[in-house]
Structures are given as structure tokens and as C-alpha cells.
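Peer 1:
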Amino acid sequence: MATPHASRRRRAPRGEGHLLREEILRACRELVAELGSFDAVSVRAVAQRVGVSTPALYLHFADKDALVEATCELVFAELDEEMQSAVKDLGEDPEPLAELRANAEAYVRFALSHPEEYRVVLMRPPGHVVDTKYILDTVTHQRLVKAIVRCQDAGLLAPDAAPLAVSLALWGSVHGAVSLFLARPVLQEWADPVEMSLAVASVTVAGIAAIERLGYDSGAVLGGDLQAADLAGRLDAALGPPSSVLHDLQPPPLAT
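461 is the number of the first residue of the sequence shown in my numbering; add one for each residue after it.
This is how it looks when you write it as C-alpha cells:
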């Protein structure tokens with residue numbers, strides 16, 4: 461029995477081929493979300509979902525890799541729209557840290573609301589068509605770098621620090637927190653994923669700023685011969701004794 465998705469689609473009028481391309485990308489995203497990976501999605505299945513022949517699909521995408529790359533580009537474009545909208549809500553010339561937070565929060569909320577797409581675009585094993593350089597060149601990542609440069613201009617971060625290195629540290633911390641909640645949803649019973657992800661991002665930015673002011677290389681704290689007591693003494697002298705920013709977090713009771 462033919463499924464509704466398998467019914468043939470009428471040929472698009474001349475000049476409206478872009479509409480079919482959009483349908484193909486939308487169908488690919490739907491199948492990825494349903495099946496959990498690009499590997500499980502075939503070009504034939506996408507064509508059937510749209511209601512066109514496989515050769516007709518190849519008129520728009522040379523091969524499956526091209527289809528995957530275009531789908532990832534679409535996901536990144538929507539993520540960037542969310543981040544841009546979040547910053548725009550702050551008004552003209554927002555405070556640099558507020559801009560950084562808005563970007564981070566929009567990123568986290570997008571990941572949590574599009575978990576399957578986030579997994580396949582940003583949690584895929586190496587060797588796929590969407591490589592690291594492509595991700596670093598996306599408008600999404602460049603928006604983060606721009607926010608970091610504004611923090612440097614405001615004097616929060618060292619002006620000679622490499623924005624790419626700082627962005628990778630911040631992105632890595634947020635991505636790690638989000639990935640943990642996506643991989644282990646039960647953790648949401650213990651902590652709010654947005655608040656926790658932003659707390660991790662805040663600690664990362666504050667930590668980089670503090671380390672720079674204490675005169676340490678960014679890799680010295682865990683990668684060198686620095687002693688915990690030495691670092692604690694310098695931080696106490698500069699900032700006072702510590703107080704936990706995570707004191708309200710308590711694990712749920714164990715199931716009996």
C-alpha cells in the first residue's frame with residue numbers, strides 16, 4: 461500500500477525549482493530526526509518522502525554528501541537566526557557580557573529544542589562531510605568570536621588573547637554541558653539544563669579572565685606544575701575567599 465509520502469508530486473512550475481529544493485531539505489531533516497542519523501537516511505527515502513523520483517532529487521543535489529551538507533547549513537542558519545534574535549532583543553549596542561550570554565542561551569535552547577538535529581550535526585563522529593573547518597567558518601561561530609572580541613575591547617579579557625582559542629574554550633564548555641543533558645536526559649531531574657549550561661559558560665569566561673589577571677598561562681592551571689594552594693592564595697588575595705555558585709544543586713533521591 462502506498463504511503464501518503466510516496467505519492468508523486470506534481471512537477472514544479474518553471475522558475476520554482478527552489479521550492480522543491482526546500483521541500484527536499486525539509487524531508488531530509490524530518491527523516492534524520494525520525495531515524496537518528498544521516499547514515500540511516502537514504503536519498504531514495506528522501507525522494508519518496510517528497511514524492512519525486514530519485515533522479516529528480518539529483519537535479520538539485522549531486523549526491524548524498526551534498527544533501528547532508530545543505531541540511532547542516534540549514535540547521536546552522538536557523539541556529540544563527542535564534543542567536544541573532546536573542547542579541548537583537550537586547551537593543552542597540554548591548555553590554556558585551558549580556559551579548560555573550562544571549563548568544564550562549566540561544567545556542568543552548570536551540571540544542572535542547574532540536575535534540576536529534578543537534579546530535580547529528582554537532583555530535584557526529586569524524587570523517588563525515590561536515591568537517592571542523594566548516595563549523596568554524598559558520599556565521600554561528602563567527603558571531604561568538606565577535607562577542608568575545610567585544611569583551612576584549614571592554615577590558616574583560618586580555619586584548620592579546622586569541623579570540624579563536626577563547627571561543628573554543630567557551631563553545632566546548634557549553635557544548636559539553638548540552639551534550640551531557642542530551643545523552644542523559646534524566647539529569648534534568650537534578651538541574652535545569654539551560655541554567656547549568658550558562659553556569660558552566662560563566663565559570664569558563666570568569667576563569668579565563670581571572671587566570672589572565674593572575675599572570676598565568678591559560679594552560680598552566682591543569683597542564684603545568686601549578687600547586688592548588690598557590691592558586692588559592694593568589695585568588696584569595698585578588699578576589700577574596702570563594703563562595704559556591706552551585707550551592708543550590710542537590711541530586712534527586714535514589715530510587716529504591
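Where is the CB? At the ideal position from N, CA and C, for every residue including glycine.
What is the DSSP secondary structure of R644, counted as helix, strand or coil?
Peer 2: On the sequence shown, residue 644 is found 184 positions in, with the first residue counted as 1. In the structure shown, R644 sits in coil (DSSP, three-state: anything other than H, G, I, E or B).
Peer 1: Run through DSSP, which three-state label would A618 get?
Peer 2: As a first step, residue 618 is located in the sequence shown; it is residue number 158 there, counting from the start. Note: A618 maps to coil in three-state DSSP.
Peer 1: Assess contact between the stretch 499-508 and the stretch 555-568, defined as three or more Cβ pairs (one per stretch) separated by less than 8 Å. Is contact present?
Peer 2: Not touching, per the Cβ criterion.
Peer 1: Which residues bound the alpha helix (DSSP H) around T531?
Peer 2: Position 71 of the sequence shown, counted from the first residue, corresponds to residue 531. Here the alpha helix (DSSP H) through T531 covers K524 to K548.
Peer 1: Straight-line CA distance for V568 to Q508?
Peer 2: Within the sequence shown, the letter at position 108 stands for residue 568. Within the sequence shown, the letter at position 48 stands for residue 508. Those two C-alpha atoms are separated by around 33 Å.
Peer 1: Assuming L424 contacts E565 under a Cβ cut-off of 8 Å, what Cβ separation, rounded to an integer in Å, is found between them?
Peer 2: Since the first residue shown for the chain is 461 and the last is 716, residue 424 is missing from the structure and cannot be characterised.
Peer 1: Closer than 6 Å by C-beta to V638: which residues in its own chain qualify, once you throw out the five before and the five after it? Chain order, please.
Peer 2: Here residue 638 refers to the residue found at position 178 when the sequence shown is read from its first residue. Only V568, A571 and S657 meet the Cβ criterion.
Peer 1: According to DSSP, simplified to helix, strand and coil, what is T600?
Peer 2: Against the sequence shown, residue 600 aligns to sequence position 140. Here T600 sits in helix by DSSP.
Peer 1: With three or more beta-carbon pairs closer than 8 Å as the criterion, would you say the stretch 622-636 touches the stretch 646-653?
Peer 2: No: fewer than three Cβ pairs fall under 8 Å.
Peer 1: Check for me: the alpha helix (DSSP H) holding M656 runs from which residue to which?
Peer 2: Numbered from 1 along the sequence shown, position 196 holds the residue referred to as residue 656. Where M656 is concerned, the enclosing alpha helix (DSSP H) stretches over P653 to R673.
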